[in-house]
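Encoded as structure tokens, the structure appears first; notes follow it.
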Amino acid sequence: MSDFINPSGVDEILQNEARNLANKLNSVNNTIASEKRIIQLNDSYSKRMAAYTNIVMVFVVALAIAIVMKLLKNNTPFVSDTVLSIVYIILISSSIIYSMFLLSDIISREKNDFDKLDLPPPKAVFTKSSTSSEPTELEVKSMLPGYCIGSNCCSVSMATIWDSTSKACKSGCAPGTYKDSTGGCVACAIGTSKTSSDISACTKCNSTQYTESTGATYCLQCPANKVANANGSACID
Numbered sequence: 013m014s015d016f017i018n019p020s021g022v023d024e025i026l027q028n029e030a031r032n033l034a035n036k037l038n039s040v041n042n043t044i045a046s047e048k049r050i051i052q053l054n055d056s057y058s059k060r061m062a063a064y065t066n067i068v069m070v071f072v073v074a075l076a077i078a079i080v081m082k083l084l085k086n087n088t089p090f091v092s093d094t095v096l097s098i099v100y101i102i103l104i105s106s107s108i109i110y111s112m113f114l115l116s117d118i119i120s121r122e123k124n125d126f127d128k129l130d131l132p133p134p135k136a137v138f139t140k141s142s143t144s145s146e147p148t149e150l151e152v153k154s155m156l157p158g159y160c161i162g163s164n165c166c167s168v169s170m171a172t173i174w175d176s177t178s179k180a181c182k183s184g185c186a187p188g189t190y191k192d193s194t195g196g197c198v199a200c201a202i203g204t205s206k207t208s209s210d211i212s213a214c215t216k217c218n219s220t221q222y223t224e225s226t227g228a229t230y231c232l233q234c235p236a237n238k239v240a241n242a243n244g245s246a247c248i249d
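If you read the sequence shown in my numbering, its first letter stands for residue 13, the second for the next number, and so on.
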């Protein structure tokens with residue numbers, strides 16, 4: 013009598029092996045990425061140290077030239093004190109200027125990648141009105157086109173909200189607001205509420221519910237034996 017092989021058991025074994033291989037592959041890829049990162053950091057550190065060494069070498073060379081000039085003065089009569097002083101001034105000033113140039117170049121590099129420049133991000137500058145804390149339409153239009161980040165690109169007046177999943181603005185109004193005839197989001201009226209983030213209209217509370225203010229996201233329940241008044245702003249007997 014032949015043994016019976018369960019196909020589902022074979023599939024499960026194959027799936028487990030595939031998962032194990034995928035995990036091992038991810039582990040190998042992570043190890044390779046880490047090694048590459050370490051090599052890149054070591055290379056960046058070596059280049060930075062070499063740049064600092066160049067600064068030291070500038071002063072070493074200047075000192076060597078100064079010593080040679082001092083020896084020439086002591087052994088040859090035609091090198092005067094005036095000439096030696098001029099040479100010293102030129103050596104010191106040129107060494108300091110060139111070293112500052114090298115140091116400025118080092119500082120301008122990224123800390124983790126010496127081959128890249130650490131440039132500051134661009135800034136959008138606009139002048140706000142002295143009579144209002146909110147930017148006017150003219151000020152907004154004066155900004156660089158498309159210069160906005162994240163939820164700042166969305167607008168209540170355009171009935172758009174930020175979608176964290178797609179990382180972009182989408183059509184919608186925040187809970188407690190809806191899209192009116194002007195195309196913008198406005199607060200729900202007294203006696204109505206809205207929990208969703210779409211552009212649909214607010215829902216009227218039932219006869220035993222009310223809201224305390226506009227822009228409600230849910231209706232409050234009246235106490236027992238009481239009902240809401242005509243506009244849904246309070247409960248009455």
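Backbone N, C-alpha and C fix where the C-beta goes; we use that ideal spot for every residue, glycine too. Because the structure is a prediction, the values reported are computed rather than measured.
Next item on the list: Using alpha carbons as the reference points, say which of 228, 232 and 212 lies closest to residue 219.
Entry: Taking only the C-alpha atoms, the option nearest residue 219 is 232.
Item checked: Spatially closest choice to residue 201 from 118, 184 and 222, by CA coordinates -> If we check each option's Cα against that of residue 201, 222 comes out closest.
Margin query: Are the CB atoms of residue 113 and residue 60 within a distance shorter than 9 Å?
Written below: no
Notebook entry, point to check: Measuring CA to CA, which of 105, 104, 130 and 103 is closest to residue 116?
Noted result: Minimum Cα distance to residue 116 is reached at 130.
Note to self: Residues in the same chain with beta-carbon distance under 7 Å from residue 169, minus the five sequence neighbours each way, listed in chain order, please.
What the structure shows: 196
Margin query: Tell me the DSSP secondary structure of residue 249 in three-state form.
Written below: Here residue 249 sits in coil by DSSP.
Margin query: Please classify residue 123 as buried or exposed, where buried requires at least 16 neighbouring CB atoms within 10 angstroms.
Written below: exposed
Check: What residue does the alpha helix (DSSP H) around residue 107 start on, and which one ends it?
Finding: 93-119
Margin query: Taking the alpha-carbon of residue 79 as reference, which of 62, 67, 58 and 103 has the nearest alpha-carbon?
Written below: 103
Note to self: Going by DSSP in three states, residue 190 sits in which element: helix, strand or coil?
What the structure shows: strand
Note to self: Once the 5 residues before and after residue 85 are set aside, which same chain residues still bring their CB inside 7 Å of it?
What the structure shows: 91 and 96
Checklist line | Closest by C-alpha distance to residue 243, when choosing among 237, 229, 224 and 230 | finding: 224
Notebook entry, point to check: Going along the chain, which residues of its own chain have a beta-carbon closer than 7 Å to the beta-carbon of residue 238, five neighbours each way excluded?
Noted result: 247, 248 and 249
Checklist line | Whole-angstrom distance between residue 36 and residue 46, CA atom to CA atom | finding: So the alpha carbons of these two residues sit roughly 15 Å apart.
Checklist line | Alpha-carbon spacing of residue 241 relative to residue 217, whole angstroms | finding: 11 Å
Check: For residue 65, which of helix, strand or coil comes out of DSSP?
Finding: Annotated three-state conformation of residue 65 is helix, per DSSP.
Notebook entry, point to check: Which one of 110, 235 and 228 has the shortest CA to CA distance from residue 63?
Noted result: 110
Next item on the list: Compute the Euclidean distance between the alpha carbons of residue 29 and residue 23, then round it to the nearest angstrom.
Entry: When rounded, the distance between both Cα atoms is 10 Å.
Notebook entry, point to check: residue 98: buried (16+ other C-beta within 10 angstroms of its C-beta) or exposed?
Noted result: exposed
Checklist line | Cβ shell of residue 227 (< 8 Å), same chain only, five flanking positions each side left out | finding: 188, 189, 199 and 200
Notebook entry, point to check: Exposed or buried, residue 204, counting other C-beta atoms within 10 Å across all chains shown (16 or more means buried)?
Noted result: buried
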